[in-house]
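There are 2 protein chains.
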Amino acid sequence: MTATDNKRRIQLSHGGGGVEMNELIRKLFFKYFSNEILIRDEDAARLDLQGPLAFTTDSFTVSPRQFKGGDLGKIAVAGTVNDLAMAGAIPQYLSCGFIIEEGLTFAELESLVKSMAEELEKSGARIVCGDTKVVPKGAADGIFINTSGVGQCIASPSWKQLEVGDRILVSRDVGRHGACILASREGMVLEGDLASDCATLWDDVKRLLDAGIEVRAMRDATRGGLAAVLNEWAASRELGIQVQQDQVPIADEVQGLCELFGFEPMELANEGTFVLGVPADQADQALALLRQGQQSAAIIGTVVEQHLGKVVLSSPWGSQRYLELPKGELLPRIC
Amino acid sequence: MTATDNKRRIQLSHGGGGVEMNELIRKLFFKYFSNEILIRDEDAARLDLQGPLAFTTDSFTVSPRQFKGGDLGKIAVAGTVNDLAMAGAIPQYLSCGFIIEEGLTFAELESLVKSMAEELEKSGARIVCGDTKVVPKGAADGIFINTSGVGQCIASPSWKQLEVGDRILVSRDVGRHGACILASREGMVLEGDLASDCATLWDDVKRLLDAGIEVRAMRDATRGGLAAVLNEWAASRELGIQVQQDQVPIADEVQGLCELFGFEPMELANEGTFVLGVPADQADQALALLRQGQQSAAIIGTVVEQHLGKVVLSSPWGSQRYLELPKGELLPRIC
Numbered sequence: 001m002t003a004t005d006n007k008r009r010i011q012l013s014h015g016g017g018g019v020e021m022n023e024l025i026r027k028l029f030f031k032y033f034s035n036e037i038l039i040r041d042e043d044a045a046r047l048d049l050q051g052p053l054a055f056t057t058d059s060f061t062v063s064p065r066q067f068k069g070g071d072l073g074k075i076a077v078a079g080t081v082n083d084l085a086m087a088g089a090i091p092q093y094l095s096c097g098f099i100i101e102e103g104l105t106f107a108e109l110e111s112l113v114k115s116m117a118e119e120l121e122k123s124g125a126r127i128v129c130g131d132t133k134v135v136p137k138g139a140a141d142g143i144f145i146n147t148s149g150v151g152q153c154i155a156s157p158s159w160k161q162l163e164v165g166d167r168i169l170v171s172r173d174v175g176r177h178g179a180c181i182l183a184s185r186e187g188m189v190l191e192g193d194l195a196s197d198c199a200t201l202w203d204d205v206k207r208l209l210d211a212g213i214e215v216r217a218m219r220d221a222t223r224g225g226l227a228a229v230l231n232e233w234a235a236s237r238e239l240g241i242q243v244q245q246d247q248v249p250i251a252d253e254v255q256g257l258c259e260l261f262g263f264e265p266m267e268l269a270n271e272g273t274f275v276l277g278v279p280a281d282q283a284d285q286a287l288a289l290l291r292q293g294q295q296s297a298a299i300i301g302t303v304v305e306q307h308l309g310k311v312v313l314s315s316p317w318g319s320q321r322y323l324e325l326p327k328g329e330l331l332p333r334i335c
Numbered sequence: 001m002t003a004t005d006n007k008r009r010i011q012l013s014h015g016g017g018g019v020e021m022n023e024l025i026r027k028l029f030f031k032y033f034s035n036e037i038l039i040r041d042e043d044a045a046r047l048d049l050q051g052p053l054a055f056t057t058d059s060f061t062v063s064p065r066q067f068k069g070g071d072l073g074k075i076a077v078a079g080t081v082n083d084l085a086m087a088g089a090i091p092q093y094l095s096c097g098f099i100i101e102e103g104l105t106f107a108e109l110e111s112l113v114k115s116m117a118e119e120l121e122k123s124g125a126r127i128v129c130g131d132t133k134v135v136p137k138g139a140a141d142g143i144f145i146n147t148s149g150v151g152q153c154i155a156s157p158s159w160k161q162l163e164v165g166d167r168i169l170v171s172r173d174v175g176r177h178g179a180c181i182l183a184s185r186e187g188m189v190l191e192g193d194l195a196s197d198c199a200t201l202w203d204d205v206k207r208l209l210d211a212g213i214e215v216r217a218m219r220d221a222t223r224g225g226l227a228a229v230l231n232e233w234a235a236s237r238e239l240g241i242q243v244q245q246d247q248v249p250i251a252d253e254v255q256g257l258c259e260l261f262g263f264e265p266m267e268l269a270n271e272g273t274f275v276l277g278v279p280a281d282q283a284d285q286a287l288a289l290l291r292q293g294q295q296s297a298a299i300i301g302t303v304v305e306q307h308l309g310k311v312v313l314s315s316p317w318g319s320q321r322y323l324e325l326p327k328g329e330l331l332p333r334i335c
């Protein structure tokens, strides 16, 4: 490595708390995340906010860091913005903690930070405080990003409010992110267009809330996929959830990949797909609103008083089976 | 590794979003961090809080994870609690994001979580939301912890309020954490008692505020040490800071180690030591209050109108030199 190369890579001194770290913060982070709170305040940001608030955190370790439809930076912002949105909160303020492996190129770091800034614009959320650690070569794999988020709640979705008869909807076809990461790891050149669903969901949530849809429960189907969300709801609420298997939207390329590798699409992670429960008489309106975002949105099931704590898949031929909470390794470093 | 050993270590499935992760959350994190918000809420915590609020984040990567006077768990809680306290905020709510390397023992994870729980008790802060990622062997070094914090502000310390004539104090002797980590890495068996200063500072801050001390500026002297805090204040406020070198408290064992390795004690990181600026007529009262916590607290300097943007050290023999903002690697993975 030449001296010039060295200057183009993150070094331990960039996490040392001195001159080099200050430069990194000012020249890179302040440049892309610039807002008056970030620049005005010291270690902690000062926020004028009235409760109730939602507060959430996620660390992102996805590998590879660049994938079709997104990258680590995009997912790190969209993920926490979505957690706030799912809590019925306006995605307002994010923190950002970088753990960087010595030797990461400045070019890649800048590209990730730029991607974060672009994703922030989609919801209007702002990064108001941050932290940078640099660890020696071999102590981390490239870069990990933690984001935490705070925002004012304007709705209170919760599985606790699910009632027998409520309809279950998904905001688009499921399993894309998991399938996309799987495909990139396997180095597959895919025909068709298998991109991750990675996206900020605030616009969709806002459209539902603005229209007065009574969102009983809402959750983005990340790790563990649709299967994890529905099982957690059924188990926590001690009711059953009946799903019409042929109503669950799954793209052909996702289905194909799952058949090849033996995965269940409903267990694959999503990064821009959410599940919601609404009163039966609002289901069609909610569906129409979701389809303004994604044509593949669908009503997939109903809350029932049988099968307490279980999720039951009904096939078009009348057979039934349980959809279980996923178990085992699934895909490591999916998000 | 036998099958039994395998069961006693964190596996990739513990981050998969399914059965194993749910068990880890319930049996370990809920057990030690138990509080009604953590258990009641879903992905995001719902907080009833009125602004102004402070919001802060830090990732912790300290190596070794166990050191004299603390461990990664203790530092991860104290660090963020202290950031809130330094912003004049009550340390109320913390998030917690674990990035765990596959193969970490359950015993070590439990010991760190227990240590976090013990440190939380010192300020009354609560962990209300969390996230767990597990990365394959070699993709991280053991475990990294991010904590973010939210709390209501009851004071507004800021370097912006520093005035010429204000006195600068430190809450105890400086450089202990840096020296302690340095010593453990060098495998030194130290005589004396060189423990890290790692500690929750909320009690000390509260004592000052309760007594009506007008804390103009306040900052814990972490990475970059006392030198970094004073230089940032002097540069930001565009005033000078004059420090009496012989008034800066430094333990003999820290001084000795620094002479051996060529470090400047005022550049070494602290994890339970803060710097504050107060009006001259409140300096003695502030000192007395700080000494209720640590006998080594001291008044070390004055804000002056000379040396704009600089920190000047005056020796007992009348000579003067600049104390610069630290530069270079210092100690990687100090916190």
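Line order of the protein sequences matches chains A and B. Here the first sequence is numbered in UniProt numbering, starting from 1 and rising by one per residue. Here the second sequence is numbered in UniProt numbering, starting from 1 and rising by one per residue. The beta carbon of each residue, even a glycine, is placed where N, CA and C say it ideally should be. Please read all numbers here as calculations on a predicted model, not as lab measurements.
Buried or exposed (CB count within 10 angstroms, at least 16 for buried), residue i
i: L308(B); result: exposed
i: P64(B); result: exposed
i: M21(A); result: buried
i: F261(A); result: exposed
i: M188(A); result: exposed
i: E267(B); result: buried
i: E119(A); result: buried
i: K27(A); result: exposed
i: R8(B); result: exposed
i: residue 343(A); result: Lying outside 1 to 335, the shown extent of chain A, residue 343(A) is not represented and no answer is given.
i: D246(A); result: exposed
i: A44(A); result: buried
i: S34(B); result: exposed
i: D58(A); result: buried
Residue i versus the options, residue with shortest Cα-Cα distance
i: F55(B); options: G301(B), L94(B), Y322(B) and D41(B); result: L94(B)
i: G165(A); options: G318(A), P316(A), A280(A) and I299(A); result: A280(A)
i: G103(B); options: F274(B), L290(B), S13(B) and N231(B); result: S13(B)
i: E121(B); options: D48(B), G97(B), L112(B) and T200(B); result: T200(B)
i: A297(A); options: L194(A), D204(A) and G124(A); result: D204(A)
i: G15(A); options: Y32(A), L47(A), A227(A) and E101(A); result: E101(A)
i: A211(B); options: D284(B), Q245(B) and V243(B); result: D284(B)
i: A235(B); options: Q282(B), L325(B), E271(B) and C129(B); result: L325(B)
i: A87(B); options: V275(B), T302(B) and D173(B); result: V275(B)
C-alpha gap between residue i and residue j, whole angstroms
i: residue 349(A); j: R40(B); result: Absent from the model: residue 349(A). The displayed extent of chain A is 1 to 335, so no value can be given.
i: S138(B); j: A139(A); result: At residue 138(B) the sequence reads Gly, which differs from the Ser that was named. The alpha-carbon atoms of G138(B) and A139(A) are separated by roughly 8 Å.
i: S196(B); j: R167(B); result: 26 Å
i: Q255(B); j: F263(B); result: 9 Å
i: A85(A); j: V215(A); result: 12 Å
i: E259(A); j: E253(A); result: 10 Å
i: C335(B); j: G17(B); result: 29 Å
i: I75(A); j: L257(A); result: 22 Å
i: P52(A); j: Y322(B); result: 48 Å
i: G151(A); j: D193(A); result: 35 Å
i: I99(A); j: F30(A); result: 17 Å
i: E42(A); j: G293(B); result: 25 Å
i: residue 418(B); j: L226(A); result: Any property of residue 418(B) remains undetermined from this structure, which presents chain B solely from 1 to 335.
i: A288(A); j: W159(B); result: 53 Å
i: L290(A); j: G277(A); result: 13 Å
i: K133(B); j: Q66(A); result: 19 Å
i: E329(A); j: I241(A); result: 25 Å
i: T147(A); j: I250(B); result: 37 Å
i: L182(B); j: K68(B); result: 11 Å
i: R223(A); j: L209(B); result: 45 Å
i: G318(A); j: R237(A); result: 26 Å
i: G73(A); j: P316(B); result: 52 Å
i: T61(B); j: R207(B); result: 31 Å
i: A179(A); j: L49(A); result: 39 Å
i: I10(B); j: L331(A); result: 15 Å
Enumerate, from N- to C-terminal direction, the unbroken beta strand (DSSP E) stretches of 3 or more residues contained entirely within the region 40–71 of chain A.
45–47 and 53–60
What residue ranges within the region 59–131 of chain A form continuous beta strand (DSSP E) runs of no fewer than 3 residues, ordered along the chain?
93–101
For the region 150–160 of chain A against the region 106–115 of chain B, are there 3 or more C-beta pairs whose distance is under 8 Å?
no
Just to confirm the assignment: which complete beta strand (DSSP E) runs, minimum length 3, are found wholly within the UniProt domain "PurM-like C-terminal" (163–312) of chain A?
167–170, 217–220, 240–244, 274–278 and 298–304
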